[in-house]
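**Student:** Dropping a structure here in structure tokens format, bear with me for questions.
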Amino acid sequence: QVQLVESGGGLVQTGGSLRLSCAASGITFSRNAMRWYRQAPGKQREWVAIITSIGTTNYADSVKGRFTISRDNAKNIVYLQMNFLKPDDTAVYYCNTWAGRGPTEYWGQGTRVTVSS
1 QVQLVESGGG LVQTGGSLRL SCAASGITFS RNAMRWYRQA PGKQREWVAI
51 ITSIGTTNYA DSVKGRFTIS RDNAKNIVYL QMNFLKPDDT AVYYCNTWAG
101 RGPTEYWGQG TRVTVSS
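Quick note on the working numbering: the sequence shown kicks off at 1 and runs consecutively.
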């Protein structure tokens, strides 16, 4: 059974930092591209960042230069380091991957990030 469990969200002031974690199980983690998405109140879910199985990364323009995605294949964890946070970064952040035959898309339960002005 595939599970993605996010953690690390919280309340932070503008300009602050947080590091989100997503622990994955039930997949061959090292072979999977991993993504972060976010959903702000009243808005659609949007893609934030991706890290491929070989470590290539890409970011949404809104977070480029402030956020860094990384992975630890030994621990089956993907991270999202968020620096210089802004109120517009306030959202529930979700971990995402595709795995298995099909393939099937999987989501974590989300972790809430609130940036106060």
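All residues carry an ideal CB built from backbone N, CA and C; glycine is no exception.
Check whether the Cβ of Pro103 lies closer than 8 Å to any Cβ atom in chain D.
**Tutor:** Reference to chain D is not applicable here, since this structure consists of a single protein chain.
**Student:** Look up Ser25 in the DSSP assignment and give the residues it is bridged to.
**Tutor:** The residue labelled residue 25 in the question sits at position 25 within the sequence shown. Paired residues: Gln3.
**Student:** Which residue from Gln1, Ile54 and Tyr59 puts its Cα closest to that of Ile27?
**Tutor:** Walking along the sequence shown from the start, residue 27 turns up at place 27. Checking every option, the nearest Cα to that of Ile27 belongs to Gln1.
**Student:** Do you know offhand how far Ser117's Cα is from Phe67's?
**Tutor:** Residue mapping note: residue 117 aligns to position 117 of the sequence shown, counting from 1. Residue mapping note: residue 67 aligns to position 67 of the sequence shown, counting from 1. Cα to Cα, Ser117 sits roughly 19 Å from Phe67.
**Student:** For Thr97 and Phe84, what's the separation of their Cα atoms in angstroms?
**Tutor:** Here residue 97 refers to the residue found at position 97 of the sequence shown. Here residue 84 refers to the residue found at position 84 of the sequence shown. Rounded to the nearest angstrom, the two C-alpha atoms are 26 Å apart.
**Student:** Taking the alpha carbon of Val115 as the point to measure from, which residue in Thr52, Glu6, Gly108 and Gly10 has its own alpha carbon closest?
**Tutor:** Here the question's residue 115 lines up with position 115 in the sequence shown. The shortest C-alpha separation from Val115 is found at Gly10.
**Student:** Leaving out five residues before and five after Ala40 in sequence, what residues of the same chain have Cβ atoms less than 7 Å from its Cβ?
**Tutor:** Sequence index remark: in the sequence shown, residue 40 carries index 40 (1-based). Excluding sequence neighbours, Ala40 sits near Thr90 and Ala91.
**Student:** Between Trp36 and Val48, what straight-line distance do the alpha-carbon atoms span, to the nearest angstrom?
**Tutor:** Here residue 36 refers to the residue found at position 36 of the sequence shown. Here residue 48 refers to the residue found at position 48 of the sequence shown. Near 5 Å, if we compare the C-alpha coordinates of Val48 and Trp36.
**Student:** May I ask you to verify whether the region 100 to 111 touches the region 76 to 83, counting CB pairs closer than 8 Å and requiring at least 3?
**Tutor:** They do not touch, by the three-pair rule.
**Student:** Grouping DSSP H, G and I as helix and E and B as strand, with all else coil, what is Ser30?
**Tutor:** Here residue 30 refers to the residue found at position 30 of the sequence shown. Helix at Ser30.
**Student:** Looking at C-alpha atoms only, which residue of Ser70, Ile54, Glu46 and Thr52 is the closest neighbour of Asp119?
**Tutor:** Missing from the structure shown is residue 119; the chain here goes from 1 to 117 and no further.
**Student:** Whose C-beta lies closer than 6 Å to the C-beta of Gln13 among residues of the same chain, with five residues either side of it excluded?
**Tutor:** Walking along the sequence shown from the start, residue 13 turns up at place 13. Around Gln13: Ser116.
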